């Protein structure tokens, strides 16, 4: 069982969707937000939605990181670099970061069907540059839509998990498998997040053209590893 | 029923796989190659493999284009620009081009799990620049592996079809549906080929990591359109 999971930006749609699925699976969650009060409010809503006795709390982002074993980034790409710079001294050895962010052009007023060119190659590689090198960074979960996560049905999606740290990758794959229906796939090195992130823009386009809300991706021709 | 289909680079693995599936579906195929004799040899092999009375012929690339209604590019990316420059005067109104090429870094001695940055954005957008503007360009079929196409089983894959010309896109989608198991999806504008082409590199990586040969892609959460 993984330790506490801080979800930075966890009051937003993607973060609260992940928090919901993981809290339902019995994991311990800390919703992180710029504003501690907002995080606590989101945590209270989540506790009510999950029922039973979910271990869900809220804190400002830095306090959330201080308590967590796994830190999941679900903030909009536009705010990611600034937040990570603020958090520079918050990290502790043994933590891992899972980056779910996508540099959609919507971030700068463009289309959510296009991605920006990020100097480092991808949002996750930018994160890699802004987090101490002792803390492994994993890119994952970009392609799971917020509406799917907020729902009750198993998701019908594969999740490509990319990292240069095999142990961290394994931990992230275990977390993915806590989401009913999700199959974690070894996506290779962190640099492959360039491709995986762009798939989110493609899914947004499919949602628009096919008038749906939850287009997802599956890979075929692989041995089952779910 | 579409008219004659010229498959440039049709003696290679991807091209001959497509030719095989389409010839089996009763379509009229011209294998194009730099060398007419090689094209005719590939056509003869294909006729023997398909059996019945397949309409498969071979010609040098320019002669193949001259006869065709639909021209499919399956040449390696490294040779695409030079070939299209040679073919500049070969085009006739009413033809459409379907570009299946991917700018894998393998083209310049790098890894087949990475894509090159193409100035125009993608291989298909480079093709768009090198073909007369009256001839519509469609990007499609990049993610169907050659081994899958050479086999007999229905492919378990979706094919994203991207173009700025809706009529040409429709024609390409119909061709995709001639391949058993393939579902054509509206991939939006030609520029989306940037993402779709890069998915091929991701599939190559999955093939390597999972020790398979035919990883493919399906999209979930969409209305069935096969």
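Chains as they are written, first to last, in this note's numbering: chain A, 182 to 407; chain B, 182 to 407.
Even glycine gets a Cβ: it sits at the ideal position worked out from N, Cα and C.
In this text the structure is predicted, and so the values were computed from the model without any measurement.
Its Cα nearest to that of residue 293(A), the residue 282(A) stands out among 300(A), 301(A) and 282(A). The count of Cβ pairs closer than 8 Å, one atom from the region 231-245 of chain B and one from the region 212-219 of chain B, reaches three, so the stretches are in contact.
Interface flag for residue 372(B) against chain A is set, since a Cβ pair is found closer than 9 Å. Separation of residue 377(A) and residue 218(B) (C-alpha to C-alpha, rounded to the nearest whole angstrom) is 42 Å.
Interface flag for residue 399(B) against chain A is set, since a Cβ pair is found closer than 9 Å. Look at residue 198(A): its C-beta is not under 9 Å from any C-beta on chain B. At least one CB of chain B lies nearer than 9 Å to the CB of residue 382(A). With the rule of 3 Cβ pairs closer than 8 Å, the region 372-387 of chain A does not count as touching the region 194-212 of chain B. Listed by position along chain A, the residues whose Cβ is nearer than 7 Å to that of residue 283(B) form an empty set, because the closest Cβ is around 12 Å away. Across the structure, residue 258(A) and residue 401(B) are spaced so that their CA atoms are roughly 25 Å apart.
Counting the other CB atoms within 10 Å of its CB gives residue 284(A) a total of 16 or more, which places it among the buried residues. Your pair residue 357(B) and residue 365(B) checks out as a contact, with CB atoms roughly 4 Å apart and the cut at 8 Å.
In the DSSP assignment, the residues bridged to residue 214(B) are 241(B). Exclusion of the five residues before and after residue 312(A) leaves 265, 272, 278 and 318 as the residues of its chain whose Cβ lies within less than 7 Å of its Cβ. The continuous beta strand (DSSP E) containing residue 364(A) extends over residues 364-367. Within the region 322-339 of chain A, contact with chain B at the beta-carbon level (separation under 7 Å) is assigned to 337 and 338. Within the same chain, and ignoring the five residues on either side of residue 208(A) in sequence, the residues whose Cβ sits closer than 7 Å to its Cβ are 183, 186 and 359.
In the structure shown, residue 397(A) falls within a strand segment according to DSSP collapsed to helix, strand and coil. Counting only the Cα atoms, residue 252(A) lies some 46 Å from residue 198(B). Contact between residue 193(B) and residue 255(B) is confirmed by a C-beta separation of about 6 Å, below the 8 Å threshold. Distances from the alpha-carbon of residue 247(B) to those of 390(B), 361(B) and 189(B) put 189(B) closest.
Taking the beta carbon of residue 376(A) as reference, the chain B residues within 7 Å of it are 379, 380, 382 and 383, listed in sequence order. DSSP, reduced to helix, strand and coil, places residue 278(A) within a strand of the structure shown. Taking C-beta separations shorter than 8 Å and ignoring five residues to either side along the sequence, the partners of residue 227(B) in its chain run 197, 200, 201, 204, 210, 212, 235 and 237, following chain order.
Within the region 245-301 of chain B, the alpha helix (DSSP H) runs of at least 4 residues that lie entirely inside it are, in chain order, 258-267.
The alpha carbon of residue 404(A) has as its nearest neighbour, out of 403(B), 388(B), 404(B) and 346(B), the alpha carbon of 388(B). Ranked by how close their Cα comes to the Cα of residue 332(B), the residues 260(B), 261(B) and 395(B) have 395(B) in first place.
In terms of CA proximity to residue 382(A), 370(B) leads the group 308(B), 347(B), 370(B) and 352(B).
Judged by their CB atoms, residue 195(A) and residue 297(A) are not nearer to each other than the 9 Å cut-off. Here residue 305(B) is not near residue 286(B), since their CB atoms are 9 Å or more apart.
Taking the Cα of residue 336(B) as reference, the smallest distance to any Cα among 342(B), 362(B), 353(B) and 250(B) is reached at 362(B). One alpha carbon belongs to residue 222(A), the other to residue 354(A), and they sit about 29 Å apart. In its chain, beyond the 5 residues on either side, 301 have a beta carbon closer than 7 Å to the beta carbon of residue 310(A). For the pair residue 379(B) and residue 295(B), the Cα-to-Cα distance works out to about 8 Å. Burial state of residue 229(B) is exposed, judged by a 10 Å Cβ sphere holding fewer than 16 other Cβ atoms.
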